[in-house]
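In the UniProt record's numbering, the protein residues as written are 1 to 101.
Structural data, given as structure tokens:
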């Protein structure tokens, strides 16, 4: 079986986060509501722990959409600095002009 790229893994995490967002929010509200009984809050925390790990928004990372590189990421273009420079050199990014690198 072929190895999945990090870009595909990140897309899968984004889908899981979107799928479980409402459920996670509801459980977190129950957990942090001090007026509820302790048993109910504890059961909610157990249910939250049973959800997939990758359904948590904190596990999402910004990655280059072309290479999957997590460092030196430009949010506006969703590219790493290396791909930004390479595509800019070839004139493939509208409005970007190569002066001196």
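Where is the CB? At the ideal position from N, CA and C, for every residue including glycine. Since this is a predicted model, take the numbers as computed values, not measurements.
Alpha carbon to alpha carbon, how far is residue 99 from residue 29? Give it in angstroms, no decimals.
-> Rounded to the nearest angstrom, the two C-alpha atoms are 52 Å apart.
Measure the Cβ-Cβ separation of residue 65 and residue 78 and say whether it is below 8 Å.
-> Taking a C-beta distance under 8 Å as the contact criterion, residue 65 and residue 78 qualify as a contact pair.
When the Cα atoms are used, what is the spatial distance from residue 39 to residue 45?
-> Each residue's alpha carbon lies about 10 Å from the other.
Residue 2 to residue 95, Cα distance in whole Å?
-> Low per-residue confidence applies at residue 2: pLDDT is 47, beneath 50, and the placement is therefore not dependable enough to give any value.
Euclidean distance between Cα positions of residue 88 and residue 82 | A straight-line Cα-Cα distance of about 10 Å links residue 88 and residue 82.
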